[in-house]
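A.B. asks: Shown below is the structure under consideration.
Residue numbers (the numbering used here): 10 to 176.
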């Protein structure tokens, strides 16, 4: 199995340490060699990153140094997988546009906080094969997304939580 690097930190509201622990347990159970860190420093270590098959960043509203960002982007360009979730991907490093470009989008806001909404499956891609539309009770994310992305699921904002008339 592969080598996985889980790195966590940033805003505690998304419980990065606890979430990283869940990912670690699941990936270890699947036979992966998992390294977990609450630091981004290893991203700048080329010899370490060369051996990583999958990177799981669990960071929200944080900052990444130039060396760490360069190491992360180099690894991704070389074929290292990257798996993110929730704000741990789309809202990791707000001031790093190269990172946002790699991710393919950027979190903007979630009007209304935790609300009820519907998620609509928007693709017949194998990743979502067999999934039907479903209801959620969570933060409804509004994202800016690269138009070249294949969007797998969408949600429609009704405008009631925006406080502006043109939405």
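Each residue gets a CB set at the ideal place from its N, CA and C atoms; glycine is no exception.
For residue 27, I'd like the list of residues in its chain whose CB is within less than 8 angstroms of its CB, leaving aside the five on either flank, ordered along the chain.
C.D. replies: none
A.B. asks: Would you identify the three-state DSSP class for residue 150, choosing helix, strand or coil?
C.D. replies: Look at residue 150 here: in three-state DSSP terms it is coil, with no helix or strand label.
A.B. asks: By DSSP's criteria, residue 28 is part of a beta bridge. Which residues make up the other side?
C.D. replies: According to DSSP, which records beta bridges pairwise, residue 28 is partnered with nothing at all.
A.B. asks: What are the start and end residues of each continuous alpha helix (DSSP H) run of 4 or more residues lying completely inside the stretch 32-74, in chain order?
C.D. replies: List check, alpha helix (DSSP H) in window: 55-59.
A.B. asks: Counting only beta-carbon atoms, is residue 19 nearer than 7 angstroms to chain D?
C.D. replies: In the structure shown, chain D cannot be found, because there is only a single protein chain.
A.B. asks: Pull up the CB-CB distance for residue 13 and residue 41, whole angstroms please, since I reckon it's below 8 angstroms.
C.D. replies: 5 angstroms
A.B. asks: By Cβ distance, which residues of its chain are closer than 6 angstroms to residue 103, with the 5 residues on each side in sequence left out?
C.D. replies: Same-chain partners within the cutoff: there are none.
A.B. asks: Using beta-carbon positions only, say whether residue 160 and residue 131 come within less than 7 angstroms of one another.
C.D. replies: yes
A.B. asks: Under 7 angstroms between the Cβ atoms of residue 182 and residue 128?
C.D. replies: In the structure as shown, the chain starts at 10 and stops at 176, and residue 182 therefore has no counterpart that could be examined.
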